[in-house]
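>
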Amino acid sequence: MKVFLLSLLLAITPAWATDSFAPKLDIGKGGKCVEEPQWMRKNHMQVLLQQRDETVHLGIRDGKYSLKVCIECHASTKDDSVLGRADSFCEGCHRYEAVKIDCFECHSSKRHLSLVQDASLAQKESK
Amino acid sequence: MSDTNVQRRQFLKTSVGATAVAIAPGMLLFDMAHGKSEAVSSKMRWGMLIDTTNCADGCNDCVKACNKENGLSGGLSPTDSQWIRKVELKDMRSGRAVSLPMMCQHCAEPPCVDVCPTGASFKRADGIVLVDKHTCIGCRYCMMACPYKARSFVHEPLHDQKPDVPRGKGTVESCTLCVHRVDKGQQPACAEACPNKSILFGNLNDPESEIAKKIRTVASTQIRADLGLDTGIRYQGI
């Protein structure tokens, strides 16, 4: 009986590690995140919420949890976006968890640099 | 005083001191760890002085710069957002005409803030009047309340917004005085783009600033000053 319970206990490992349906995300440039990835999975919405209020109302724009910074690192290197595909950094997980993201109805989902380059390319072309 | 009492006082004094020493660096470290830079304060009151005598009739550069900076379409249909527009005024008797840019006047007593049912329309400590689109429900009371017709409602879904200027369907928006640029220490896009340097941007609360000095020396007016809103945008020569 004891052996059975023990084996059962061993079988229960974190869902993320074993679930073959878990999304395989394109994490873009990646690199060191502002917090541990597991912590971010759980808490990114709270920190984003807190910082957005500080930014909008108090004008504090150098906090480390900015949405712009998330996108800067994690937008796919293929299309410079965190949305649009099943493995996109934001959409991949949110699709899997069936949680609607409202952020990008107003905020840009594209990497800033790509937009700058687009604009400069467009300017060159128009000249 | 008895010896015990003196000792007790001494003990209290030292323990208060020790607590202060223990807490103060902790608070400092907390602030540092949270990357808290300074919040905007009422030491600033951002404003503009617009010299209408210099503002060229037919010139639209400020409007174009605003559209480009904030990602507006620049369309003129009733459902297109306009954050700044050129207005032509003509005195019929004398025939004198002036041209001026009109936008959110960044009132000290903004009526849009008074009527907002959710607190989305607000005035920042430095005098910039903004809409917190996270809380805006799109009721458009503020648009009715504004005597300057400065606000627009976003009717259609938008794509490819500027990263610094989030805009979205179902919310009200208006001139932000280019708050994202001001926070970086730059000027609003319209002021920078004006070819005649007719738009002077600065801190009205600093008596040494260029704008405060100019307001002291030349005659300028606030539009609809009778409403007592104390606008941050002033006009010269109307």
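So the protein lines, in turn, are chains L and H. So that you can map any letter, position 1 of the first sequence is 1 in my numbering, and since no number is skipped, the others follow by simple counting. With the second sequence counted from 1, adding 1000 to any position gets you my numbering. The beta-carbon is built from N, C-alpha and C at its ideal position, and this holds for glycine as well.
1) Around the C-beta of residue 1208 (chain H), are 16 or more other C-beta atoms found within 10 angstroms, so that it is buried, or is it exposed?
2) Here's the rule: buried if 16 or more other CB atoms are within 10 angstroms of the residue's CB, otherwise exposed. What is residue 1051 (chain H)?
3) Beta carbon of residue 1110 (chain H), beta carbon of residue 1123 (chain H): below 8 Å?
4) Would you be able to state if there are at least three C-beta pairs under 8 Å between the stretch 1056–1072 of chain H and the stretch 1081–1099 of chain H?
5) Please list the residues of the stretch 1175–1209 of chain H that have a C-beta atom closer than 9 Å to any C-beta atom in chain L, keeping them in chain order.
6) Between residue 75 (chain L) and residue 81 (chain L), how many whole angstroms is the CB-CB distance? I'm expecting something under 8 Å.
7) Can you list the residues of chain H that residue 68 (chain L) reaches, using a CB-CB cut of under 7 Å?
8) Over what stretch of residues does the beta strand (DSSP E) that includes residue 1051 (chain H) continue unbroken?
9) Check for me: the beta strand (DSSP E) holding residue 1102 (chain H) runs from which residue to which?
10) Tell me residue 64 (chain L)'s beta-bridge partners as DSSP assigns them.
11) Based on DSSP bridge pairs, tell me the residues matched to residue 1236 (chain H).
12) Give me whichever residues DSSP pairs with residue 110 (chain L) in a beta bridge.
13) Taking the alpha helix (DSSP H) that residue 1214 (chain H) belongs to, which residues open and close that run?
14) Going by other Cβ atoms of all chains shown within 10 Å of its Cβ, with 16 needed for buried, is residue 88 (chain L) buried or exposed?
15) So residue 1121 (chain H) and residue 1150 (chain H) are in contact, right, with Cβ under 8 Å, and what is the actual spacing, rounded?
16) Using a Cβ-Cβ cut-off of less than 8 Å, give me the residues of the stretch 1110–1133 of chain H that come near chain L, in sequence order.
17) Examine chain L for any beta-carbon lying closer than 8 Å to the beta-carbon of residue 1232 (chain H), and answer yes or no.
18) Consult DSSP for residue 1196 (chain H) and reduce its assignment to one of helix, strand or coil.
19) Considering only C-alpha positions, which residue in the set L:44, L:50, L:31 is nearest to residue 101 (chain L)?
20) Pick from H:1202, H:1092, H:1081, H:1118: whose alpha carbon is nearest that of residue 1167 (chain H)?
21) Is residue 1085 (chain H) helix, strand or coil when you go by DSSP?
22) Closer than 8 Å, CB to CB, is residue 59 (chain L) near chain H or not?
23) Does residue 1160 (chain H) have its Cβ less than 8 Å from a Cβ in chain L?
24) In its own chain, which residues sit with a C-beta less than 7 Å from the C-beta of residue 1030 (chain H), not counting the 5 before and 5 after it?
Inspection of the coordinates gives the following:
1) Counting other Cβ atoms within 10 Å of its Cβ, residue 1208 (chain H) stays below 16 and is therefore classed as exposed.
2) buried
3) yes
4) yes
5) 1179, 1180, 1182, 1183, 1184
6) 6 Å
7) 1163
8) 1046–1051
9) 1097–1103
10) Residue 64 (chain L) is not bridged to any residue.
11) H:1051
12) L:81
13) 1210–1217
14) With 16 or more other Cβ atoms within 10 Å, it is buried.
15) Their Cβ separation, rounded to whole angstroms, is 12 Å, which puts residue 1121 (chain H) and residue 1150 (chain H) out of contact at 8 Å.
16) Against chain L - using a Cβ distance shorter than 8 Å - the residues of the stretch 1110–1133 of chain H are 1122, 1124, 1125, 1126, 1130, 1132, 1133.
17) no
18) coil
19) L:44
20) H:1081
21) strand
22) yes
23) yes
24) Here the model assigns residue 1030 (chain H) a pLDDT of 46, short of 50, so the residue's position is not dependable, and the following value carries that caveat. So no residue of the chain qualifies.
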